[in-house]
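Residue numbers (the working numbering), protein chains in the order written: chain A, -9 to 353; chain B, 312 to 353.
Even glycine gets a Cβ: it sits at the ideal position worked out from N, Cα and C.
What follows is a set of notes on a single structure, which appears directly below.
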Amino acid sequence: MTTTAKTQTQVILKDSLISLLLYVLPIGLMFLSFYISGSKPWLNATSEHLSFRAPAFLDAVFNNLKTWGLPAIMLVVGLIEFSVGLYENKWTKNERTLDIVCFILPKIVLRPMIAYFGLKLLPFVLPDAKNAFAWVPFWWGIAIMAVADDLTQYWYHRLHHQLPLLWRFHRTHHSAPYMGMAMTSRQNIIYTAFFSQIYLTVTLTYLGLGYPALFVGGIKSLITTAAHSSIKWDKPFYTIRWLNPIGWIMERLISTPATHHAHHADTTDDGIGNYKGNFGNMFFIWDIIFGTGIITRQYPSAYGLKHYKEEEWYAQLLWPIFKSKKEGSELAHNGPVVGDEVTEEPVPVVAPPVAAIVHAEAV
Amino acid sequence: MTLADLVLITKKIAIGILIFLIPLVIIAGSIWLIHFLFNQHH
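So, in structure tokens, the structure goes:
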């Protein structure tokens, strides 16, 4: 193991220990509030009314958001982006097919399947635990779910960048040479199918935190979608003086186009791009806590991967089940594990195969 | 798809399971434990 890899492993271990405390923090605060107020919400739970019910209008809003609401918002914003030429001429047939398949497949097949089979299977695995935490007050449930879901996604995402063996499962999301609604859902199918936070949310829903999960899911979808948008809606918060304090808090708390676009930049050389950091999805605060974030209030001039070979859409979607035929691609048979780390030798008259030198610090 | 690919997918799933199980045990365990202790002392 190289020194860099060893250091990185130590950092990951240290940060994961801090994360354990972060997971417990809202739970500890909740019980502290019970202690101070003398309340015992679990005593009020009856068999007829175990779970807290969210107000009907909230229920309707977030139910619709998770079904047709968010795709409808994405389509409208996407049409605006397209009509003002934000994709320029980068949305080729190959990119378009990949984006559309990735937009549809997880929403209508993968995620409903995971939720359905998860909730069917859990009664067998945890037979006595159904609604065990249904007494948790709604707003405390939101705090617990927000940390549980988003911190888990932060780790899932971060490890796909920092562990070379995982990088190619996430590469598809970074290969888009543009930002916008079109590429928000763009992922390799195996990356999406094993999203740890989906399974965590399904299990916590079974344990009785369903309504908070629904609420958090809705808010999170809106924030992550807005952060991927090519419309730089956060700019006024940096340029208009009286909005500056709100901008200062906002850019540290949640993902914005400035911080998330930096994560999708094709270079770090300009001091704006930070594809080796800015991992936060809904909350950016994780990047602040773990020191993986950079805030510049600027936007990269180019997105995607320097070593992108415009691999076939099916290879990007289904790698490693289907491989790319593009020579030297990370997704090709015998391709480099991390293309960004390949040392390209000057080409002699008879070129030897390019050696894929992979360091522990991935893209 | 080769055997190496299957091994890679298995490793990827194993890491995913860890990222799912660790927070689940911590969160569910904490709620259960603090609730238990809270009831013991009150």
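Residues that residue i contacts on chain A, provided the C-beta gap is smaller than 7 Å
| i | result |
| --- | --- |
| L335 (chain B) | L190 and T193 |
Minimum C-alpha distance to residue i - residue among the options
| i | options | result |
| --- | --- | --- |
| Y13 (chain A) | A:W276, A:K30, A:M169 and A:K110 | A:W276 |
| H150 (chain A) | B:M312, B:I326 and B:G340 | B:I326 |
| W32 (chain A) | A:L308, A:G198, A:P326 and A:V1 | A:G198 |
| L243 (chain A) | A:V137, A:V115 and A:I90 | A:V137 |
| S291 (chain A) | A:G318, A:K315, A:Y298 and A:H253 | A:H253 |
| L65 (chain A) | A:V327, A:D260, A:T215 and A:I278 | A:T215 |
| M272 (chain A) | A:F128, A:I8 and A:L141 | A:L141 |
| S23 (chain A) | A:S9, A:W130, A:G200 and A:A122 | A:W130 |
| G270 (chain A) | A:R148, A:F21, A:L19 and A:K315 | A:R148 |
| L286 (chain A) | A:Y298, A:W238, A:S220 and A:E300 | For the sequence presented, residue 286 (chain A) should be read as Thr rather than Leu. Comparing Cα-Cα distances from T286 (chain A) to each of A:Y298, A:W238, A:S220 and A:E300, the minimum goes to A:W238. |
| V206 (chain A) | A:I17, A:F128, A:Y144 and A:M173 | A:F128 |
| D260 (chain A) | A:I284, A:G18, A:I278 and A:N34 | A:I284 |
| L194 (chain A) | B:A339, B:F347 and B:I324 | B:A339 |
| H163 (chain A) | A:P235, A:G281 and A:D89 | A:D89 |
| L335 (chain B) | A:L307, A:A217, A:Y196 and A:L190 | A:L190 |
| G170 (chain A) | A:I17, A:R161, A:I221 and A:N121 | A:I221 |
| Y196 (chain A) | A:I213, A:T182 and A:L111 | A:L111 |
| N264 (chain A) | A:I8, A:A183, A:T182 and A:Y289 | A:Y289 |
| D330 (chain A) | A:D118, A:I26, A:Q152 and A:Y25 | A:Q152 |
Cα-Cα separation, residue i to residue j
| i | j | result |
| --- | --- | --- |
| F159 (chain A) | I98 (chain A) | 21 Å |
| P96 (chain A) | L15 (chain A) | 32 Å |
| D5 (chain A) | Y146 (chain A) | 13 Å |
| M135 (chain A) | F331 (chain B) | 13 Å |
| Y168 (chain A) | S341 (chain B) | 43 Å |
| L40 (chain A) | L329 (chain B) | Only weak support exists for where L40 (chain A) lies, its pLDDT of 42 falling under 50; the value from the coordinates is given anyway. Roughly 30 Å separates the two Cα atoms. |
| T321 (chain B) | I311 (chain A) | 13 Å |
| P343 (chain A) | G318 (chain A) | In this predicted model, P343 (chain A) has a pLDDT of only 36, less than 50, meaning its place in the structure is not dependable enough to derive any value. |
| S219 (chain A) | K80 (chain A) | 16 Å |
| F349 (chain B) | D316 (chain B) | 49 Å |
| Q(-2) (chain A) | L10 (chain A) | 19 Å |
| E85 (chain A) | I230 (chain A) | 36 Å |
| L116 (chain A) | A172 (chain A) | 39 Å |
| I179 (chain A) | G200 (chain A) | 26 Å |
| Y144 (chain A) | W157 (chain A) | 15 Å |
| F114 (chain A) | L100 (chain A) | 22 Å |
| H352 (chain B) | L19 (chain A) | 18 Å |
| T174 (chain A) | H251 (chain A) | 12 Å |
| L3 (chain A) | K83 (chain A) | 42 Å |
| H346 (chain B) | I17 (chain A) | 10 Å |
| W343 (chain B) | L7 (chain A) | 20 Å |
| I93 (chain A) | T313 (chain B) | Reading the sequence as shown, one finds Phe at residue 93 (chain A) and not Ile. Straight-line Cα distance between these residues: approximately 28 Å. |
| V318 (chain B) | Y181 (chain A) | 15 Å |
| I324 (chain B) | I333 (chain B) | 14 Å |
Contact belief for residue i with residue j at Cβ below 8 Å, rounded distance in angstroms
| i | j | result |
| --- | --- | --- |
| D139 (chain A) | Q187 (chain A) | 5 Å |
| K296 (chain A) | T257 (chain A) | 7 Å |
| I224 (chain A) | A248 (chain A) | Sequence inspection shows Asp at residue 224 (chain A); the Ile mentioned does not correspond to that position. Sure, about 6 Å apart at Cβ, within 8 Å. |
| P154 (chain A) | V327 (chain A) | 5 Å |
| L87 (chain A) | W303 (chain A) | Here residue 87 (chain A) turns out to be Thr, not Leu, going by the sequence shown. Indeed, because the Cβ distance is near 5 Å, the residues count as touching under 8 Å. |
| G267 (chain A) | T282 (chain A) | 4 Å |
8 Å Cβ shell around residue i - same chain, five flanking residues per side excluded
| i | result |
| --- | --- |
| L233 (chain A) | P226 and F227 |
| I376 (chain A) | It is not possible to answer for residue 376 (chain A), since the shown part of chain A is limited to -9 through 353. |
| I236 (chain A) | F227 |
| I70 (chain A) | I221 |
8 Å Cβ cut-off: residues of chain A touching residue i
| i | result |
| --- | --- |
| L319 (chain B) | L155 and P310 |
Where residue i meets chain B, residues with beta-carbon distance less than 8 Å
| i | result |
| --- | --- |
| I32 (chain A) | Here residue 32 (chain A) is Trp; the residue named in the question, Ile, does not match the sequence. Simply H346. |
| W145 (chain A) | I330 |
| T354 (chain A) | Look at the range of chain A in this structure, -9 to 353, and you will see that residue 354 (chain A) is not part of it. |
| I392 (chain A) | Nothing in the structure corresponds to residue 392 (chain A), since chain A is present only between -9 and 353. |
| F24 (chain A) | F349 |
| I17 (chain A) | I338, S341, I342 and I345 |
| L149 (chain A) | I326 and I330 |
| F205 (chain A) | Here the premise fails: no neighbours, minimum Cβ distance about 17 Å. |
| F159 (chain A) | K323 |
7 Å Cβ shell around residue i - same chain, five flanking residues per side excluded
| i | result |
| --- | --- |
| K313 (chain A) | A305, L321, A322 and H323 |
| V365 (chain A) | Only positions -9 to 353 of chain A appear in this structure, which leaves residue 365 (chain A) out of reach. |
| K375 (chain A) | The requested residue 375 (chain A) does not occur in the structure, where chain A is confined to residues -9 to 353. |
| H62 (chain A) | According to the sequence shown, residue 62 (chain A) is Ala rather than His. Cβ neighbours of A62 (chain A) beyond the five flanking positions: none. |
| G325 (chain A) | G318 and S319 |
| A166 (chain A) | E85, M173, R176, Y293 and G294 |
| S29 (chain A) | none |
7 Å Cβ cut-off: residues of chain B touching residue i
| i | result |
| --- | --- |
| L197 (chain A) | A339 |
| I134 (chain A) | I338 |
| A358 (chain A) | As shown, chain A starts at -9 and ends at 353. That puts residue 358 (chain A) outside it, with no answer to give. |
| L10 (chain A) | I337 |
| V14 (chain A) | I337 and S341 |
| F273 (chain A) | Those within 7 Å of F273 (chain A) in chain B number zero; the least Cβ separation is about 15 Å. |
| F21 (chain A) | I345 and F349 |
| F128 (chain A) | Simply none; closest approach about 15 Å. |
Interface partners of residue i on chain D, CB under 7 Å
| i | result |
| --- | --- |
| S186 (chain A) | Within the model displayed, chain D is absent; protein chains A and B are what it includes. |
Cβ shell of residue i (< 6 Å), same chain only, five flanking positions each side left out
| i | result |
| --- | --- |
| E38 (chain A) | With a pLDDT of only 41 at E38 (chain A), under 50, the local geometry of the prediction cannot be trusted, and the value read off the model is given with reservation. For E38 (chain A), where only same-chain residues beyond five positions count, there are no Cβ hits under 6 Å. |
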